[in-house]
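Only one structure is covered here, and it is reproduced in the block below.
Residue numbers (the working numbering): 18 to 362.
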């Protein structure tokens with residue numbers, strides 16, 4: 018009888034070359050409308066040698082390759098770094114299709130926002146990349162910048178790892194900063210990962226700390242009107258996962274559950290729920306729901322939940338990818354086609 022893994026297809030295409038330093042460190046997906054009005058998917062990759070690669074997922078053709086250091090280096094008020102800064106690897110890249118904006122974050126904390134029109138591909142022209150603005154975020158953290166509702170870009174403040182800055186893509190010169198207020202001033206170390214939820218006028222930040230704690234911070238969001246704004250985000254819920262360091266976290270807003278991996282080689286699945294507080298519903302951690310899966314293998318390094326919440330995947334240091342059911346957390350498949358650490362999924 019064939020096992021589940023016997024039916025898993027091999028990779029359709031391999032991108033990147035370890036021997037020449039073109040190692041993929043981040044990725045995102047998007048699409049464009051072809052001449053025939055078909056939706057064509059693309060993959061956007063960031064590399065260790067500070068390049069952006071854009072591939073068509075229809076024929077795996079390279080559409081664009083460009084070195085980001087050309088944009089994020091010296092001499093211009095919109096360029097936040099020096100030549101040395103620009104040489105650092107790409108930590109994160111995200112494309113906001115509705116705004117035609119590509120966000121690129123370097124390991125040093127430098128962030129560049131670029132205008133990129135993918136519709137040029139339909140005219141058989143390469144997509145162009147134009148720097149809109151560049152700025153810095155906090156460098157000494159594993160946490161990456163994030164996009165909320167295709168409208169806001171969030172990052173840690175350049176000088177303060179306990180302050181989160183939200184920028185509206187329509188008003189990039191303005192921002193709102195949120196100062197994290199901990200319960201009883203009890204802090205839990207370096208921020209490993211963070212996720213933001215905006216519901217009506219409420220803003221929530223889910224933050225995973227190195228010490229094994231998950232904390233949920235709540236604040237309010239007001240309109241951007243050009244004034245400098247600073248708000249407090251109060252800790253409204255805490256979930257102690259493990260004493261071991263959290264290595265990666267992801268959250269799915271469709272199903273309202275999250276996944277994380279820690280240094281003990283545990284996979285933890287947790288949920289958020291609504292609670293009535295002062296005649297108003299707020300989100301808190303469901304402390305009665307916590308599934309823990311122990312993996313007898315060294316080096317869990319990354320996790321990712323598919324957008325529909327039906328599956329999630331765990332990446333390991335030795336290149337294995339384990340795929341689980343989002344509903345039952347049962348193991349569905351193990352992909353063994355990689356040979357290097359799975360840093361991004």
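Ideal Cβ positions, reconstructed from N, Cα and C, are used throughout, including at glycine.
- Residue burial is scored here from C-beta neighbours: residue 269 has at least 16 other C-beta atoms within 10 angstroms and is therefore classed as buried.
- Relative to the Cα of residue 108, the nearest Cα in the group 142, 117, 71 and 124 belongs to 124.
- Nearest neighbour of residue 182 by Cα position, chosen from 122, 155, 173 and 138, turns out to be 173.
- Beta-bridge analysis with DSSP links residue 184 to 170 and 192.
- The C-beta separation of residue 210 from residue 225 comes to about 4 angstroms, placing the pair in contact by the 8 angstroms criterion.
- About 20 angstroms separates the CB atoms of residue 154 and residue 198; that is not less than 8 angstroms, and the two are not in contact.
- The DSSP-derived three-state label of residue 201 is helix.
- At the C-beta level, residue 284 and residue 312 come within 8 angstroms of one another.
- Three or more beta-carbon pairs separated by less than 8 angstroms link the region 132-139 to the region 43-55, which places the two stretches in contact.
- Take residue 58, set aside five residues on each side of it, and the residues of its chain with a beta-carbon closer than 6 angstroms to its own are 48 and 74, in chain order.
- Between residue 302 and residue 317, the C-beta gap is not smaller than 8 angstroms, which leaves the two residues out of contact.
- Residue 187 and residue 177 have their C-alpha atoms some 25 angstroms from each other.
- For residue 362, there is no enclosing beta strand (DSSP E), as DSSP marks it with neither H nor E.
- Here the alpha carbon of residue 292 sits roughly 14 angstroms from the alpha carbon of residue 273.
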